[in-house]
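Step one of this worksheet: look at the structure below.
Number of protein chains: 2
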Amino acid sequence: MTTSFYNLLEGVMRLYKLLPDGRRQIVGFALPGDFLGMTSSSRHNFSADAIGPVVVCRFSRAPFARFIDDKPHLLRRINELAVRELGQAQDHMVLLGRRSAEEKVATFLVGWRDRLAALGGKTTTVPLPMSRQDIADYLGLTIETVSRTFTKLDRDGVIEILPGGISLLDPARAEALAAA
Amino acid sequence: MTTSFYNLLEGVMRLYKLLPDGRRQIVGFALPGDFLGMTSSSRHNFSADAIGPVVVCRFSRAPFARFIDDKPHLLRRINELAVRELGQAQDHMVLLGRRSAEEKVATFLVGWRDRLAALGGKTTTVPLPMSRQDIADYLGLTIETVSRTFTKLDRDGVIEILPGGISLLDPARAEALAAA
DNA sequence: CGAATCGTTGAAAGCAGTCAACTAGGGTGG
DNA sequence: CCACCCTAGTTGACTGCTTTCAACGATTCG
Chain A
3 MTTSFYNLLE GVMRLYKLLP DGRRQIVGFA LPGDFLGMTS SSRHNFSADA
53 IGPVVVCRFS RAPFARFIDD KPHLLRRINE LAVRELGQAQ DHMVLLGRRS
103 AEEKVATFLV GWRDRLAALG GKTTTVPLPM SRQDIADYLG LTIETVSRTF
153 TKLDRDGVIE ILPGGISLLD PARAEALAAA
Chain B
3 MTTSFYNLLE GVMRLYKLLP DGRRQIVGFA LPGDFLGMTS SSRHNFSADA
53 IGPVVVCRFS RAPFARFIDD KPHLLRRINE LAVRELGQAQ DHMVLLGRRS
103 AEEKVATFLV GWRDRLAALG GKTTTVPLPM SRQDIADYLG LTIETVSRTF
153 TKLDRDGVIE ILPGGISLLD PARAEALAAA
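Chains A and B supply the protein sequences, listed in that same order.
The opening residue of the first sequence carries number 3 in my numbering; numbering runs sequentially from there.
The opening residue of the second sequence carries number 3 in my numbering; numbering runs sequentially from there.
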């Protein structure tokens, strides 16, 4: 596995791991600006693929490592990035281990909105380029449970289901469900 | 939170996060040689405490950061550590999101045995210094489910429950359940 | 010897999973 | 143009794994 480092410039990617029997856990979604490839270096079946068209900036591993050696400043930056990702991973463990389906979905929607907002988008309408199966595999649920929970949040007036996304009708209530 | 870095020299610690309502997720156990404090720097309620007596080597954050700046070599080491932890975190996400209670417990026992073995211990008898509640909060289960699963594995001849630990009677079967 | 804590076990409930049918778009080819 | 199919998503009925509630046993400690 001669993987490389990537900088995602445009599009959305899913990062996941597979069990031998096919069960999948998506460990994260990547958005433009995200840095990929740190973790795939270590052993284990780690995969990433695009959701829709993407533009990436690819760095061969070895040359990149050499390049970094000369720039301790850059290494620090990489390190901060790894630590941030580690923190996000820990947050996600809390979600997977200790939250209900409704909390999971609400947390996902609010978090996804915030990430898109940070890239400079509107905050009420939230596009969801990934499939329900992707969301299910990210939240440790089944596709049916995700669908039912979306419907419930819609009926409750928290969100409105739109083609290709949702609208956060009641952000406060959604954030309450996501309360960390 | 002026936390510091720590190097655990002796003993066992639990690292966890709490939800506002008290739900707890243990994100990892630390053993001698483990490096703590990278993630607690970032915001969020992150806690760590000792399971039994511990000996740690403490580094104040600021001086340590300055010290590192002069040693790019050391920074690389730290970075590798962070990446390794990130990989473990991803493995644990798979466990929390996609595995059954029995698989979770078996995976935990095999993994814990391997970590102890790496520190130079026997491999058949596995001491478990943490409580059932700790194990439950690590695996995203309840204490009752953990207890029942232990009992089941015992009845099935996979393990033998001992005071303060277990014996891996059938490592092959346990590893099959933990199959990653 | 209680009192307290930890762990185990049982019975019942509930949340999410499974199985299956149905709907809605979207693309293709006749 | 429309019939057809294929995929994604929704919904329903039911199952079942894990949780919840509760009692009991074991060990420790004051």
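Quick reminder that beta carbons are idealized off the backbone N, C-alpha and C, glycines included.
Keep in mind it's a predicted model, so treat the numbers as computed, not measured.
- Query: Which runs of the alpha helix (DSSP H) fall wholly inside the segment 91–131 of chain A and span at least 4 residues, in chain order?
  - Reply: 103–120
- CB contact check: A:Leu98 to chain B, cutoff 9 Å: yes
- How far does the beta strand (DSSP E) with A:Lys19 in it reach, from first residue to last? Phe7 to Leu20
- Query: Cβ of B:Ser49 versus every heavy atom of the ligand ADP: is any distance shorter than 8 Å?
  - Reply: As for the ligand ADP, it is missing from this structure, which has no ligand bound.
- Can you give me the start and stop residues for the alpha helix (DSSP H) that B:Leu179 sits inside? Pro173 to Ala180
- Query: Where does A:Ser49 land, buried or exposed, given buried means 16+ other C-beta within 10 angstroms?
  - Reply: exposed
- Please report how far the alpha carbon of B:Ala91 lies from the alpha carbon of A:Leu171, in whole angstroms. 34 Å
- Message: Counting C-beta neighbours from all protein chains within 10 Å, is the total for A:Thr109 16 or more, i.e. buried, or is it exposed?
- Response: buried
- Extent of the continuous alpha helix (DSSP H) to which B:Val148 belongs: Ile145 to Arg157
- Could you give the DSSP three-state label for B:Val56: helix, strand or coil? strand
- Test: A:Arg147 CB closer than 9 Å to a CB of chain B: The sequence shown places Thr at residue 147 of chain A, rather than the Arg named in the question. False, the Cβ-Cβ gap to chain B never drops below 9 Å.
- Task: Could you tell me if B:Phe69 is buried or exposed, where buried requires 16 or more neighbouring beta carbons within 10 angstroms of its beta carbon?
- Result: exposed
- Message: Can you list, in chain order, the residues of its chain with a C-beta nearer than 7 Å to that of B:Thr125? Leave out the 5 residues immediately preceding and following it.
- Response: Arg115 and Ala119
- Task: Could you tell me which residues DSSP pairs with A:Glu162 in its beta bridges?
- Result: A:Ser169
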